[in-house]
Structures are given as structure tokens and as C-alpha cells.
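Enquirer:
There are 2 protein chains.
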Amino acid sequence: MTTAQKPDWKAVVARKRAERDALIPAEYDIPASKLPPVDGKSVVSFPATCGLLTPAEVAITEIDDVDVLLAKLAKREYTAAEVLEAYIKRACIAHRLVNPITEIHFDDARRWARELDDELQATGKTRGPLHGLPVSLKDQFRIKGSDATIAYVSYVGRQADHDAVCTALLKEAGAVPFVKTNLPQTIMFAETRNELFGTTLNPHNRLLHTGGSSGGEGALVAIKGSPLGVGTDVGGSVRIPAGMCGLFGLRPSSHRFPYEGAVNSMEGQETIPSVLGPLTRTLSGLTTFTKAILAGRPWLYDPLVPEMPWSQSRYDAAKAKKGLKIGLMSTDLHVHPFPPYERALQVARDALTKAGHDVVPFVPYEPGQGLAIMGDAFCADGGRDVLEAISGCDEPLGPQVTGVGKPEKSAYELWQINKRKTVYRKRALDHWRDAGVDFVLCPTSVYPAMKHDDECWILYTGLWNLLDYTAISLPVSSVDAKLDPKRSSPPHDGWYSDDDRRWNDKYDPDLVDGAPIGLQVVAGRYREEEALGFAETVWHAIRG
Amino acid sequence: MTTAQKPDWKAVVARKRAERDALIPAEYDIPASKLPPVDGKSVVSFPATCGLLTPAEVAITEIDDVDVLLAKLAKREYTAAEVLEAYIKRACIAHRLVNPITEIHFDDARRWARELDDELQATGKTRGPLHGLPVSLKDQFRIKGSDATIAYVSYVGRQADHDAVCTALLKEAGAVPFVKTNLPQTIMFAETRNELFGTTLNPHNRLLHTGGSSGGEGALVAIKGSPLGVGTDVGGSVRIPAGMCGLFGLRPSSHRFPYEGAVNSMEGQETIPSVLGPLTRTLSGLTTFTKAILAGRPWLYDPLVPEMPWSQSRYDAAKAKKGLKIGLMSTDLHVHPFPPYERALQVARDALTKAGHDVVPFVPYEPGQGLAIMGDAFCADGGRDVLEAISGCDEPLGPQVTGVGKPEKSAYELWQINKRKTVYRKRALDHWRDAGVDFVLCPTSVYPAMKHDDECWILYTGLWNLLDYTAISLPVSSVDAKLDPKRSSPPHDGWYSDDDRRWNDKYDPDLVDGAPIGLQVVAGRYREEEALGFAETVWHAIRG
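These protein sequence lines map, in sequence, to chains A and B.
Sequential numbering of the first sequence, starting at 113, is according to our numbering.
Sequential numbering of the second sequence, starting at 113, is according to our numbering.
This is the structure we're talking about:
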């Protein structure tokens, strides 16, 4: 296509945004004049206090616990239709505040919700374990009838003619997908901004980013515009926004949940597969999602999903286990986590020790090697996939962790990367097994949410993608500018490098005061049940 | 390395073979003059009748059922030492007849067997589920202290300093690895010949090949020089030699069994992973191996093995299931199986129908597409891996299914192959699910064992590697020159192509009279338990 024939990307963007916004009911669209100014103050409560929601709708959307909401739906205390409408309203307000939405499916969702209500009325039975639960989906997940642009301007108009398997299983379980959410261009970055849909803001502090790549989910679920969202994670993209937005986020091992039918960038990159996982406001929501998806037998519809049904006994055993041996990983040996993470780890260690567990130091296996392998895997195509995707209309290329500007590898060289990966994974497995820990507790990131348009450091999460271990981010704390002052001297073990010092220089306690701090519970591979069980133990020790 | 500096490959070969043969005890080494001439007659019984084995040793090695042998070992009816010695003797005779052995570990094995006997004597307990079972391993599996050349001359002398995980788990289960076995150069071919160790012959008819790539195992287990062998399979390499040699062979789904620590060609090729699987003389042996390996918790030692313990209930349910719906796949739509396969399928259909099952036609999903994807995946490196491996001493390159002579793909192009694979697997899964079959029954190959130095056609097995389905080859029949004459006219649906006709022209009933015929039971992905259970049903219907 010559440049002359290419569509004007800015025109496409304007049209796409206008089409989306036209689907926001006028009565739910708060005029800009009535919105609070964009500043460092939290807007999480604004939708509940702005007067648009009825008291019942406020009550519905303030139920953080998905299980509580599901119980009320099953008992017909609420109809699916009214729960959906409450969330539609709140999502519309959220959208004007923090810009999380890419695609709107309100009409479809309303129809599905009515069907669920009719079904329950007629049969006395819920459709499935998620009966009536509105859910938001990261833009990648196809919903029949709308685009899944993954924020590439050139993908606008490629309407899905079928649901992704995840979408279909959610609907089968009774969930009601009603919006899709924002992500960074290429999906290979840990902030959420792109040319097509713009930047998503952090509802706790709109001067800060939401992390990424599932940052639309992070923002929307945190502001209670959705009770549960589905993101994806190839280097931390569920856990980082969960951590930055004060949510729970689960990265399962590869293919435990069905990715089939989701649009992705760099498709065919199998060295480190992207996985999907839920973000929600209580830990039990992650468990409920996991059980519901597995109950749908995803292996019948996704050729990559192994047949591993939910194991209640493994979950129960993990949750009940006394005297756990917990590996505390306080550093990735490359960048020291900012002071609020150090405090969070200290709090966690004290609480878990008090609860009778054995908290021991855990040093990750050669994380530098892991980082190099990840970089080589993600960059192997020399950015061809990304460049092809943006070439359709020459949209500008933003920041990303891909091979753009790097030489393309050959297939043989890619095989050598795979080989290094397997050697690394073997050594790391031996290291983990020899440590004899039940799980590892570590920071979700180096930094809390930071100013928009920064760089990203993803080793604390990416390491577990490379090893394919199950990891859950828990919102254990938040920055307290008084308790977490900037370091006045180097950490006790000194700076690892100029880069370490440079990263830590970015810490601005006053700017990020109150920003959420996440820690990860990391269990082994395909140990979703154990990770969820152990996370309960950690959560209750710290918060209970 | 300049040519001047490279070792003379023929000298390396001569030295390596001499070193190996020096490990054959002189008293077990039958002089060439006392060996039968190489002709079309079976030599399976020769070791039992040549006078070298004692009657007790004949009795031991004639026990085909691994479970029966294990029971006698556990009851101390036989010691591990005497069972091993019987198999060592028979393997030595076998070696002079059909050339299956690459590496000899008799001394280590004798020591391990004595330890097992002492342990059972002292504690009254067997070490594990394979207590005292001699096992042979395809050359890929490292045993500490010997080479794992995979038949590359340039790999001679790279002594392993550790056991492969499979080796270690077998020993932990009480098995006694005592020899390693032959495979083709590159491992990417379905016959078993190479410059380093020569050609392995089929004990049923030494004018014929054994199939491959695990042809050393096929020959050694068939001639009862080993009760159970471990092969590997990336396109049929366990099932083809099992089929050609009249054995049972299991290809599990990828990474169900631990490949870690095995040497391989084309390492890092992950598009279609090679897997390991057992070959043995009774079906129960496959089940016993599977249970024993999984009982060793391979996921603790191999980072790629998912934590999927043996499920007795799934096995029992599959075995007991009545009224199965069985898909009979009589063709790959490219090459018609030779007449003895048609008869074997007919026999199986009649027997299964009589046993109350519903046998329906099954047409595979677009096998031509599958073949193209396999070819592209295996050839992606343009043969660089293979060329590098032989460059060490310029050994001649034999036939192989690799990229030698083809252009090397780029990493981006390899991603596109991966993408096509996933699309194909999704469509094939939908196709399979919609067919609603419990399992598929199909030929293991187009041809029985054929003359040495031919070409190979692997679509009947390779299709299941691409889809990663569990498949078991059963020795259901053998060629009967009278019952299976050469076709006098085209098949009822006509030749698919000149290639189809060309392949079928190779069929020579007189030459291959008596050669084994295998059929595969194919269940879905990670359905080893179901495949083993269904295989029992098929076996009993046909043979019971």
C-alpha cells in the first residue's frame, strides 16, 4: 500500500472514539464541567457520590466480593439486569474519569442479562457459577460483533465474527461481558497508552499510570466500574496493573486458561507464552473465576489447554497448611524495590512469622540470565510483527519491549534462545526445589504507580513468566510518604549499578503518597490451587 | 577447525565400535560362524535356542509381560542379578544378530542389581514399582559415565557426568538400565542406520528395517534382549518401530514424561516437541511404565513436565466403558495403507462391533495442511543444526527429514509457522470434538517393515505429534502374503496421486510375509490413561 492509499490514522482514531462514545447513554455521560479536575486525588468514590447512581446501584457496585454479589444474584436479591445497569452506569462515569474502555457492548449485555433473569425465573436454577456477574475483558478478547483492535489503528473495523473461547466460557458460566478495556500499543509495555484510545489514568491518583499492559482492567475494576476483569500477562501484565491499582491479580501457568480466539501481538511467539488471568477486588474472586473457567472444560475448545480440572483438595490442603516455609525474595539483584515495598515485605514477614510460619530469605536463580533470555525471545523478530501491524496506516510507534530497531534473528538462533530458556528453567527448578519453600513472596514491581510516560522494569514479574510459575499479586499496602521516605543513603547492600540508583532516584514519596503496593505469592508451575490457597494465608496474616 | 585438524571419522567409528564390543563378555559373544545367515527368516527365537542361555535364562527372557516378571522379582522367585544376567546374555546375542546396541553398561547394571537384591533381602521391600527390571534406553538418554552420541561421530567422547531425569527416575523406581540403543543419524528419519553404529536389522526378517527412529529399541525388545525400552517420538519414532517390530509403543502428550537431560538433535525446536515413550511386548507394560514414571514426580526434576499424577480412576473408567464410539481412520488421504493394514482394520472393526462398540468412519482434518506445517517446522533452520553436528569430522550425511538444502527461515517466519500450527490444532480439535468419538483407530504406517535404505512416510503417526494427542501402537496382525496380495487394481476411491501409486508399488507381499502390522489407538491430548484403557478394549476384542 502506498502512503497515498493509506487511511489518515488520526481520522480513523477520531471516528473510532466517536463511535465508541456514541454508545455511552447520554444520561450516563457526565459533562466535563461536573468532573473533578485531574489531580493527585483519588476518584475511586466519585461515581458513588456524584449523584448519578441510585443508592441501590451504589450498594451493588460497592460490593467488592464477587462471591457475595453472586450469592445475592442467585437468591434473586438482585436481578442480573439491575446489577448490569449499575455497573454500566458506574463504568460510564469511570470512563470519563480514567479512560479505561475501548469497546462497548451494553445492548448485547442487557439482552444476555434479561435472558439470565428469565432463565432463573423459569427454572429456579442459575445458568452457571458466574450467573449475572458483569465482567470486563481486555481488548484482546473477541466478542462477536465488535472490534478487537488491541489498539492498533490499522485493526479498526476488523469485526469479530465469533467469541474468544474465554468469552464463550464466561457467558456459558452466566457472566455478562459488557465492555472491553485499554492496553498499550503492542501490548508489550507496562503502562497503558496508545494512539487509538489514549492513556488510561490511575483512579487512586490520576497523575499516575495504571501499570500495564492490562491497565484498562486495573483502572476499571479499581474504580468499581466492573467487579471482575480479564487481562493477559506475558511479563507481568496482569500483576503489574493489579499491583498499581490495588487489586488482586492472578497469572496462571501457560494454557491453564484458554487464550484461543484472543487477538495478540507477536502471535506465534511461543518461547514465553502470554496467559490470561483475572483482576478483581477480593482474593476469593480469583478463586471463583478459576473454578468457573475450569468447570467449562476449556480443553474441549482450546487445543493448548491441558485437561486439568480444578482440584478442591489441593486448594483446601494449601489453605489449611500450617508451618509453611516461605521464601522471602526481597530483591531481583538488579534494581532495589522502592522503600514502600521494603516496608510491605517487613510487615508481611512479621505477620507470617507471628502466624507460625517460617519465613526464610530466597535469592532468585540468576535473574540477569533470565532477563537476557526474555529480551532475546521478545525481540527475536526484530520488531517485524509490530512494524507490520502499524504499517497499515503509519500510526506513530510508542514505547514497547519488542525487537523494533534490533536485528531479526534466524530460526536457528531462535532455537538457541529456546534451548537457553530450557537450561535456565531446569537450573531454576533445581534451585527452587533445593530451597524447599512452599512458595515465594516478593514485590510485584520496583515502583508503585508512577508518572505517565515513563519507562518500565518488569523483572520481578517477568521472571515467573519465564519459569511459567503461578503468581498472584495481592494489594498488601500503600505508600505512606511519612513511613516510606526516600533513601538518604544507599541500601545496606549498596547499589547494584548506576541503573539501580537511577531507578531509585525516580521515587517521589509525595507524588505517590497513597499509591497501592502489591506483593506476589509465587507457587510452582500449574500450582494455581496452591497459589490461591497460600495467598489466603498471606492475606489473613497481614490483614486479618 | 580446518579439515586438516578434523579427526578421521572412519577411525573414530572403528575405535568407538571396538570400545563398545570390548564390553561384550567373550563368553556371550557368539562367533560369526555360528550365527544364522542374514535372510528373511525370523531370528527372534535364535537366542533361546542357540545353547548359550540356561533353561532358567530362557524362561526369564521369554516372559513377555513386564508385570509377571516384576511380580516374580518382588516375590524373590528371581533375583535382580539373575534376571539382568539373562537379559545381558540375550542382548549380546541379539547384538550380533540385529545390531541394536550403542552403549554397554553391564558392570554398572550388575552393581545396581546387586544393590537391589541386598535391599530387598535386608528390608523385605522392593525399591519401587520397577524393582529389578532391566531396561534399555535409546541412545539419547544420558547414563552417567557413557557417551550419548545420538550417532553423531563428532559427539563420540562427550561422556555424560549425570543421568537424564528419565534414567534417574527409572533407577529410583528400581529399574536397571543396562544398554543404550541405536537410532538414525539426526534422529529425524524412520529407519535406523547411521555411520557410527551402522544399521539395525529387524529380528522378524533381517532383510527388513526396524522403522525408526527408536529402531534399536524395536529390534532389541522384539528379540527379547530387553523387556522394556524407552524411545522418543517427534513424528512417530516410538510407534513406527513398535509397529514394524511387533511391539506395543506409547507416545504420550508432550512433557507428560521427562525429556530433561536427554541429548537431542535440533534442540530448541519447540513447535512440535519430541516426547519419550516406552516400547514393550505386552500392553500392560506401557501402563506399568507410565505409572512408575509418574510416581517418581517428574515435575520436580523437569521444568517442562506438568504436575499430572497418574489417574487410576480415569484409566479404570476408560477400560470399563461400554458402547464406545470409535472413529476408524482408514486413510490419511495421501497414501493408501498397504493391503495388510486394510485387512487389519477390517478385523478390528468386526471384532469391536461384535464386542458392542460403535465403529464409525473418521476422516482426519486436512492432513495435507498438517504435513506442510510439520515439514516447515522441522526444516526451519535450513539444516544448520544437523550440518553443525556433522561438521566436527565431516561424516557423510544420510537421509533425514530436516532443513538441509532448504533455505533457513527467520524468527518471524518461524512465528508464522507456530501460528499456522495453532490455527490447525484448533480446527482439528473442533473437528474431533464434533465427531464425538472416544478414540480413533488408524494404521501406524502405510507399510510394514520394508527393505533397508528406503524413504519414509510418517503422516499416520506425525499427525498426532502435531496435534499432541496420545497414541499407542498395538501389534494387531502380520502380513500374510496369501491373504494380503498386492492390489491388482486401484483402491475403490482411486489413487490420490502418482505418489500414492508409487508408494503402493513398493509393496512386495512375499518379501514382507510375516512382518508385523500395527494399528494406533489415538485419544486426545494428555489422555494417556484413557488411551491405555481403550487400548485394552481393542486388544481384547481383537485378540481375546
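Cβ coordinates follow ideal geometry from the N, Cα and C atoms, glycine included.
In the DSSP assignment, the alpha helix (DSSP H) including GLN424(A) goes from what residue to what residue?
Expert: 424-432 is the span of the alpha helix (DSSP H), which, as asked, contains GLN424(A).
Enquirer: If I'm right that ASN294(B) touches THR279(B) with Cβ under 8 Å, what's the distance once you round it to whole angstroms?
Expert: No, ASN294(B) and THR279(B) are not in contact; Cβ-Cβ is about 17 Å, not under 8 Å.
Enquirer: Report yes or no: do the region 496-513 of chain B and the region 261-273 of chain B share at least 3 C-beta pairs separated by less than 8 Å?
Expert: Cβ pair count under 8 Å is three or more, so yes.
Enquirer: If I measure Cβ to Cβ from GLU520(A) and keep anything under 7 Å in the same chain, skipping five residues before and after, which residues do I get?
Expert: Around GLU520(A): ASP493, GLY494, ARG496.
Enquirer: Buried or exposed for ARG318(A), going by 16 or more other Cβ atoms inside 10 Å?
Expert: Buried: at least 16 other Cβ atoms inside 10 Å.
Enquirer: Looking at the structure shown, is CYS71(B) part of a helix, part of a strand, or coil, going by DSSP?
Expert: This structure gives no information on residue 71(B), because the portion of chain B shown stretches from 113 to 656.
Enquirer: List the residues of chain B whose Cβ lies closer than 7 Å to the Cβ of ASP506(A), in chain order.
Expert: Those within 7 Å of ASP506(A) in chain B number zero; the least Cβ separation is about 20 Å.
Enquirer: What residues from chain B crowd round LYS521(A), counting only those whose CB sits closer than 8 Å?
Expert: The contacting residues are SER522, ALA523.
Enquirer: LYS82(A) and ASP273(A) look like a contact to me (Cβ under 8 Å); what is the Cβ gap, rounded to whole Å?
Expert: In this structure chain A extends from 113 to 656, so residue 82(A) is not present and cannot be described.
Enquirer: Looking at the C-beta of ALA547(A), does it have a partner C-beta in chain B at a distance below 8 Å?
Expert: Cβ-Cβ to chain B under 8 Å: no for ALA547(A).
Enquirer: What's the C-alpha gap between ILE335(B) and LYS531(A)?
Expert: Each residue's alpha carbon lies about 37 Å from the other.
Enquirer: In or out: ASP550(A) buried (at least 16 other Cβ within 10 Å) or exposed?
Expert: By the neighbour-count rule (16 or more Cβ atoms within 10 Å), ASP550(A) is buried.
Enquirer: Mind listing the chain A neighbours of GLU640(B)? Cutoff is C-beta to C-beta under 8 Å, in chain order.
Expert: Correct list: empty, because the minimum Cβ distance to chain A is about 11 Å.
Enquirer: Counting contacts by CB-CB distance shorter than 8 Å, is LEU499(B) in contact with chain A?
Expert: No, LEU499(B) lies away from the interface with chain A (no Cβ there is under 8 Å from its Cβ).
Enquirer: My output table needs one value for VAL150(A): the three-state DSSP class, helix, strand or coil.
Expert: If DSSP states are grouped into helix, strand and coil, VAL150(A) belongs with coil.
Enquirer: Run through chain A and tell me which residues come within less than 9 Å of TRP527(B), C-beta to C-beta.
Expert: By Cβ distance, chain A contributes MET378, GLU379, GLY380, GLN381, GLU382, ALA492, ASP493, ARG496, ASP497, LEU526.
Enquirer: Look at the alpha carbon of ALA192(B) and the alpha carbon of THR400(B), and state the distance between them as a whole number of angstroms.
Expert: Straight-line Cα distance between these residues: approximately 18 Å.
Enquirer: Kindly list, in the order they appear in chain B, the residues whose Cβ is closer than 7 Å to that of ASN530(A).
Expert: Under the 7 Å cutoff, chain B gives GLY380, GLU382.
Enquirer: Assuming VAL513(B) and ALA561(B) form a contact by the criterion Cβ under 8 Å, report the distance between their Cβ atoms to the nearest whole angstrom.
Expert: Not quite, the Cβ-Cβ distance comes to about 19 Å (not below 8 Å), so this is no contact.
Enquirer: In the DSSP assignment, find the unbroken beta strand (DSSP E) run with GLU197(B) in it and report its ends.
Expert: Unbroken run through GLU197(B) is the alpha helix (DSSP H), 192-210; no beta strand (DSSP E).
Enquirer: With a threshold of 8 Å between beta carbons, is LYS598(A) in contact with chain B?
Expert: No, LYS598(A) does not count as interfacial toward chain B.
Enquirer: For PRO621(A), which of LEU181(A), ASN376(A), PRO597(A), GLU567(A) has the nearest alpha-carbon?
Expert: It is PRO597(A) whose Cα lies nearest to the Cα of PRO621(A).
Enquirer: Let me check understanding here. Comparing Cα to Cα, which of ALA160(B), ARG409(B), TYR536(B) lies closest to THR383(B)?
Expert: Nearest of ALA160(B), ARG409(B), TYR536(B) to THR383(B), Cα basis: TYR536(B).
Enquirer: At a Cβ threshold of 8 Å, is MET420(A) touching chain B?
Expert: MET420(A) counts as touching chain B.
Enquirer: Report yes if the C-beta distance between ASN211(B) and LEU313(B) is below 8 Å; otherwise report no.
Expert: Yes, the pair counts as a contact, with Cβ atoms nearer than the cut-off.
Enquirer: Keeping to the same chain, check which residues put their C-beta closer than 8 Å to that of ILE172(B); ignore five residues upstream and five downstream.
Expert: Hits under 8 Å: LEU181, TYR190, GLU194, VAL195, ALA198, TYR199.
Enquirer: Tell me, which residues are paired with VAL291(B) by DSSP?
Expert: Bridge partners of VAL291(B): ILE216(B), SER248(B).
Enquirer: In angstroms, rounded to a whole number, what distance separates the CA positions of MET113(A) and GLY328(B)?
Expert: Bear in mind that the predicted position of MET113(A) carries a pLDDT of just 47, short of 50, making it too unreliable to give a figure here.
Enquirer: Give every residue of the same chain whose Cβ lies closer than 6 Å to the Cβ of HIS543(A), excluding the five residues on either side of it in the sequence, and list them in chain order.
Expert: Here the set comprises TYR477.
Enquirer: Taking C-beta pairs closer than 7 Å, name the residues in chain B that LYS538(A) reaches, listed in chain order.
Expert: Those within 7 Å of LYS538(A) in chain B are GLU372, PRO415.
Enquirer: What I want to know is whether the C-beta of ALA302(B) ends up closer than 7 Å to one or more non-hydrogen atoms of the ligand HEM.
Expert: Inclusion of the ligand HEM in the displayed structure is not the case, the ligand content being empty and no account of it being possible.
Enquirer: Taking Cβ positions only, does LEU281(B) come closer than 8 Å to chain A?
Expert: Judged by the 8 Å Cβ criterion, LEU281(B) is not in contact with chain A.
Enquirer: Leaving out five residues before and five after GLN297(A) in sequence, what residues of the same chain have Cβ atoms less than 6 Å from its Cβ?
Expert: Once the five neighbours on either side are set aside, the close Cβ partners of GLN297(A) are ALA263, ASN306, GLY510.
Enquirer: Note down, in chain order, each residue of its chain lying with its Cβ closer than 8 Å to the Cβ of TRP422(B), except the 5 sequence neighbours on either side.
Expert: Excluding sequence neighbours, TRP422(B) sits near THR402, LYS403, LEU406, ALA407, GLU641.
Enquirer: With DSSP as the reference, label ASN376(B) as helix, strand or coil.
Expert: Correct three-state label for ASN376(B): coil.
Enquirer: Could you check if GLY341(B) is buried or exposed, using at least 16 other CB atoms within 10 Å of its CB as the buried criterion?
Expert: Per the 10 Å Cβ criterion, buried.
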